[in-house]
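Enquirer: With numbering that gives the first Met the number 0 applied, the sequence shown covers 0 to 223. Mind looking over this structure? Questions follow.
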Amino acid sequence: MDLTRIRWIFFDLGDTLLDESAAADDVIGQYVRNANRLGYKISKEDMCERLTYYFREMTEIPIRPVLEELVSSTEHWHAIREGVKYNKQLEQPFPGVEPMLRRLSAQYRLGVIANQSLGTLDRLKSYKLDSYFSLMGSSAELGMNKPDPRFFQWALKEADCRPAEAVMIGDRIDNDIIPARQLGLHAIWVKQGFAKVQPLPAGELAPDYILNHILDLEPLLTKE
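Written out as structure tokens, the structure reads:
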């Protein structure tokens with residue numbers, strides 16, 4: 000990857016820039032409590048084991064087959080889901096993300112391509128990260144979700160950027176890396192969260208680099 004050609008860095012948010020572990024633990028606990036009220040004997044460990052399996056299988060929404068597997072009836076499945084709320088307030092930027100974005104934004108244009116609920120910009124403002132991004136692509140606002148190639152094409156058009164001039168940073172092989180590489184973008188896989196178990200694609204779909212932590216990105220992309 001020739002850094003002299005890179006103009007834009009596109010970021011995913013969840014488990015890439017934002018640590019979702021506390022929010023994920025909370026929502027898993029809600030599912031477990033709701034199931035056990037109906038007479039099931041499910042533990043957080045059971046849920047996490049099956050979620051890990053379906054992330055490895057690159058299932059688009061892993062919680063669905065987990066519930067179908069652990070719960071015996073569709074009626075119970077819906078009852079368990081009812082009232083479960085994902086608490087965005089439990090998400091926080093990984094430590095060190097703000098200064099990293101500040102320095103990278105001095106060398107590149109930064110954008111967001113993320114599957115997120117409404118209010119993404121407001122949440123980034125609350126973290127004091129919004130000013131570093133020149134482009135904001137959130138699935139709820141745009142009406143399309145990764146891995147839909149149109150999402151990435153929209154970002155490239157808005158950025159007035161050719162695919163070879165951009166790099167996608169994300170935690171999911173299925174939603175971030177493969178669709179970006181299929182369109183000719185560079186891609187960097189950050190192995191954080193449940194998706195760190197996903198299998199590495201071969202050939203032209205493979206990421207340019209693999210990182211174990213988001214802060215490993217800055218030394219890789221810093222131009223001399």
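For every residue, glycine included, the Cβ atom is placed at its ideal position computed from N, Cα and C.
1. Less than 8 Å between the C-beta atoms of Ala158 and Ser138, yes or no?
2. Counting along the chain, where does the beta strand (DSSP E) carrying Ser137 start and finish?
3. Under a three-way DSSP split, which group does Arg180 fall into?
4. Considering only residues of the same chain and omitting the five flanking positions on each side of Leu204, which have a CB-CB separation below 6 Å?
5. Return the CA-CA distance between Leu17 and Phe193, expressed in angstroms with no decimal places.
6. Under 8 Å, with one C-beta from each stretch per pair, do the stretch 147-156 and the stretch 49-61 reach the 3-pair mark?
7. Tell me which residue opens and which closes the beta strand (DSSP E) that Arg4 is part of.
8. What do you reckon, is the C-beta of Pro178 under 7 Å from a heavy atom of the ligand SAH?
9. For Gln91, which residues does DSSP report across the bridge?
10. Measure from the alpha carbon of Asn144 to the alpha carbon of each residue in Arg32, Asp173, Pro198, then state which is nearest.
11. With H, G and I counted as helix, E and B as strand and the rest as coil, what does DSSP make of Ile172?
12. Just the Cα atoms here: how many angstroms apart are Pro148 and Asp175?
13. For the beta strand (DSSP E) containing Ala194, name the first residue and the last one.
14. Between the C-alpha atoms of Thr3 and Val196, what's the straight-line distance to the nearest angstrom?
15. Just the Cα atoms here: how many angstroms apart are Glu90 and Trp76?
16. DSSP has Gly110 in a bridge; who is on the other side?
17. Just to confirm the assignment, what range does the alpha helix (DSSP H) spanning Ile213 have?
Expert: In this structure, then:
1. Reading the sequence shown from its first residue, position 159 is the one you call residue 158. Reading the sequence shown from its first residue, position 139 is the one you call residue 138. No. Outside cutoff.
2. Taking the first residue of the sequence shown as 1, we reach residue 137 at position 138. Note, Ser137: beta strand (DSSP E), 134-137.
3. For the purposes of this step, residue 180 is identified with residue 181 of the sequence shown, where counting begins at 1. Three-state DSSP puts Arg180 in a helix.
4. As a first step, residue 204 is located in the sequence shown; it is residue number 205 there, counting from the start. Same-chain partners within the cutoff: Ile177, Arg180.
5. Numbered from its first residue, the sequence shown carries residue 17 at position 18. Numbered from its first residue, the sequence shown carries residue 193 at position 194. When rounded, the distance between both Cα atoms is 13 Å.
6. Using a Cβ-Cβ distance cut-off of 8 Å, the stretch 147-156 and the stretch 49-61 are not in contact, since fewer than three pairs of beta carbons, one from each stretch, lie closer than that value.
7. As a first step, residue 4 must be located in the sequence shown, where it is residue number 5. From DSSP, Arg4 is part of no beta strand (DSSP E); its letter is neither H nor E.
8. As presented, the structure is devoid of all ligands, the ligand SAH included, so that no description of it is given.
9. Position 92 of the sequence shown, counted from the first residue, corresponds to residue 91. Gln91 pairs with Asp18.
10. Position 145 of the sequence shown, counting from 1, holds the residue named residue 144. Out of Arg32, Asp173, Pro198, Asp173 has the C-alpha closest to the C-alpha of Asn144.
11. For this step, residue 172 is matched to residue 173 along the sequence shown. Reduced to three states, the DSSP call for Ile172 is helix.
12. On the sequence shown, position 149 is the one that residue 148 refers to. On the sequence shown, position 176 is the one that residue 175 refers to. Rounded to whole angstroms, Pro148 to Asp175 spans 10 Å at the Cα level.
13. Along the sequence shown, read from residue 1 onward, the residue named residue 194 stands at position 195. Run containing Ala194: none; DSSP gives neither H nor E here.
14. Reading the sequence shown from its first residue, position 4 is the one you call residue 3. Reading the sequence shown from its first residue, position 197 is the one you call residue 196. Each residue's alpha carbon lies about 32 Å from the other.
15. The sequence position of residue 90 within the sequence shown is 91, counting from 1. The sequence position of residue 76 within the sequence shown is 77, counting from 1. Cα to Cα, the separation comes out at about 26 Å.
16. In the sequence shown, counting from the first residue as 1, residue 110 sits at position 111. Residue pairing by DSSP puts Gly110 in a beta bridge opposite Phe9, Leu134.
17. Translated into the one-based positions of the sequence shown, residue 213 becomes position 214. Unbroken run through Ile213: none, as it is neither H nor E.
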